[in-house]
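Under our numbering, the sequence shown has 175 at position 174, and the numbering climbs by one with no breaks.
Idealized CB from N, CA, C, for every residue including glycine.
Structure first, then comments.
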Amino acid sequence: MIKIKSSAELRLMLEANEIAAQALALAGRTVRAGMSTWELDKAVHDFIVSKGAVPSSLGYAGFPNSCCISVNEELIHGIPSKKKIIKEGDIVTVDVTTLYKGWQGDNARTFKIGTVSPEAERIMKVTEEALWKGIEQAVPGNRVGDISAAVQQYVESNGYHVVRQFVGHGIGAEMHEDPEVPNFGKAGRGPRLVPGMTICIEPMVNETTPEVKILGDKWTVVEANGHLSAHFEHCIAITNDKPLIMTLESH
Ligand code: MF3
Ligand code: CO
Ligand code: CO
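In C-alpha cells form, the structure reads like this:
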C-alpha cells in the first residue's frame, strides 16, 4: 500500500532528510585516504546523534553500523570495519539513513578519494546523471515505470548495467515502503505518481554486468565480476509540479 503524506507529514520528513543530507555531506568532507571505513562511520554516527536523530541503519535487520560504506567493486551495504582502510584512487559509496521525529530520511553518493581512474570518474558521473534523469520523471501523472525506464536507458546507453536484484523504494515512517522503484522497466507501467508520494530513487550501476554477489558477511553486495560500481540516491516528494528533493542540506 502506497502511503500519501500530508503537508504536515512532509514538513517533518524534510527535517529527517535534511539531517541525512547533512550527514552525507559530512562524510564527503571527512573521507580521506588512510582512514578506516569504521572511522568514517563513527563520524557519521556522531553527527546524526548530535542532531537528535537516530541512524536507522544501526540494527536494521541486524546491520551492525550507522551507515553503509561500499568501496570500489562494492555496490551497497558495505559494513564499516576497522580493517578496511580507504586508499588514494578508491571510490567510496556512503549511504545514510536517519530517523527523526518518527520519519525516515535516506540518501547516498559515491565519493572519489584523491585522483581516481578515468573509468571511475565516468561510472560515477553516469550514475549521478542517471539519478537526475529519474528525478525528472517524478511528476504527477507519470508512472513509476517512467522513472525506471529513464534511469535504465541512460545507464545502458552509456555502456553500463543496472542492477536488478536491489531497487529504490517508497519511504515514510518506514525506511522501505511501497512502491518499489526499480532502475529498470518500461515507461508507462507501474503505479501512477501522485502528489504526497515520497520515494527514494537510487540508481545502482555496475561496470560489466547487471549481476551482483553477496559476500560471506551476508551484507556486502559486489559487482559480480569484481569491476567498479556506483550508487547515488535522493529522497524526493511528488508535488503538483516539480519533484521536491528532500535530501538537500537545507530548504
Ligand atoms: N539506505 C539503504 C537504502 O537505500 C538501506 C540500508 S539498510 C542497511 O535502501 F541495513 F543496510 F543499512
Ligand atoms: Co539509502
Ligand atoms: Co534507499
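(message) Can you tell me whether N108 is helix, strand or coil according to DSSP?
(response) Here residue 108 refers to the residue found at position 107 of the sequence shown. DSSP places N108 in strand when its eight states are reduced to three.
(request) Work out the CA separation of V195 and I49 for me, nearest whole Å. (result) Residue mapping note: residue 49 aligns to position 48 of the sequence shown, counting from 1. Residue mapping note: residue 195 aligns to position 194 of the sequence shown, counting from 1. The straight-line gap from Cα to Cα measures roughly 31 Å.
(request) For I86, collect the residues of the same chain with a Cβ closer than 6 Å to its Cβ; drop the 5 residues on either side in sequence, then sort them by chain order. (result) Taking the sequence shown and counting its residues from 1, the one referred to as residue 86 is at position 85. Listed in chain order, the non-local C-beta contacts of I86 below 6 Å within the same chain comprise S37, local neighbours out to five positions each way being set aside.
(message) In the DSSP output, which residue or residues are listed as bridge partners for H235?
(response) Taking the first residue of the sequence shown as position 1, residue 235 is located at position 234. In DSSP, H235 forms a bridge with I202.
(request) With a 10 Å radius around its C-beta and 16 neighbouring C-beta atoms as the bar for buried, classify S7 as buried or exposed. (result) Looking up residue 7 in the sequence shown gives position 6. By the neighbour-count rule (16 or more Cβ atoms within 10 Å), S7 is not buried but exposed.
(request) Report all residues from its chain with a CB closer than 7 Å to the CB of I148; omit the five preceding and five following residues, and keep chain order. (result) Against the sequence shown, residue 148 aligns to sequence position 147. The residues are G135, Q138, A139, V182, I202.
(message) With a threshold of 7 Å (Cβ to nearest heavy atom), would T94 be considered close to ligand 2?
(response) Counted from its first residue, the sequence shown places residue 94 at position 93. Checking the Cβ of T94 against ligand 2 gives no.
(request) Give the DSSP-derived three-state secondary structure of R30 in the structure shown. (result) Here residue 30 is taken as the residue at index 29 of the sequence shown, counted from 1. Reduced to three states, the DSSP call for R30 is helix.
(message) Contact defined as beta carbons within less than 8 Å: I believe G173 pairs with Q105. What is the distance between those atoms, to the nearest angstrom?
(response) Numbered from its first residue, the sequence shown carries residue 173 at position 172. Numbered from its first residue, the sequence shown carries residue 105 at position 104. Indeed they touch by this definition, with Cβ atoms about 7 Å apart.
(request) Compute the distance between the beta-carbons of V222 and F185, then report whether it is under 8 Å. (result) In the sequence shown, the residue the question calls residue 222 occupies position 221. In the sequence shown, the residue the question calls residue 185 occupies position 184. It is not a contact, given that the beta carbons lie outside the stated cut-off.
(message) Measuring only from the beta carbon, is H235 closer than 7 Å to any heavy atom that is part of ligand 1?
(response) Position 234 of the sequence shown holds residue 235. Every heavy atom of ligand 1 is 7 Å or more from the Cβ of H235, so no.
(request) State yes or no: is the C-beta of G79 within less than 8 Å of the C-beta of V72? (result) Along the sequence shown, read from residue 1 onward, the residue named residue 79 stands at position 78. Along the sequence shown, read from residue 1 onward, the residue named residue 72 stands at position 71. A distance below 8 Å separates the beta carbons of G79 and V72.
(message) By alpha-carbon positions, which one of H170, V93, R123, G103 ends up nearest to H235?
(response) For the purposes of this step, residue 235 is taken as residue 234 along the sequence shown, with counting starting at 1. Selected option, being the one with the closest Cα: H170.
(request) May I ask you to report which of helix, strand or coil DSSP gives I92? (result) Along the sequence shown, one-based indexing puts residue 92 at 91. Of the three classes helix, strand and coil, the one that applies to I92 here is strand, per DSSP.
(request) State yes or no: is the C-beta of E19 within less than 8 Å of the C-beta of E250? (result) Locating residue 19 in the sequence shown gives position 18, where the first residue counts as 1. Locating residue 250 in the sequence shown gives position 249, where the first residue counts as 1. Between E19 and E250, the CB-CB gap stays under 8 Å.
(request) Count the C-beta pairs between the stretch 52-61 and the stretch 28-35 that are closer than 8 Å, then say yes if the count reaches three, no if not. (result) Flag = no, the stretch 52-61 and the stretch 28-35 do not touch.
(message) In whole angstroms, give me the CA-to-CA distance for P119 and I70.
(response) Here the question's residue 119 lines up with position 118 in the sequence shown. Here the question's residue 70 lines up with position 69 in the sequence shown. Cα to Cα, P119 sits roughly 22 Å from I70.
(message) Does the contact criterion of 3 or more C-beta pairs under 8 Å hold for the stretch 236-247 versus the stretch 206-218?
(response) In short, these stretches do not touch, since the Cβ pair count stays below three.
(request) Indicate, with yes or no, if ligand 2 has a heavy atom lying under 7 Å from the CB of D91. (result) As a working note, residue 91 is residue 90 in the sequence shown. Every heavy atom of ligand 2 is 7 Å or more from the Cβ of D91, so no.
(message) Shorter than 7 Å, the distance from the beta carbon of D107 to the closest heavy atom of ligand 4, or not?
(response) With respect to ligand 4, the structure offers nothing, as its ligand set consists of ligand 1, ligand 2 and ligand 3.
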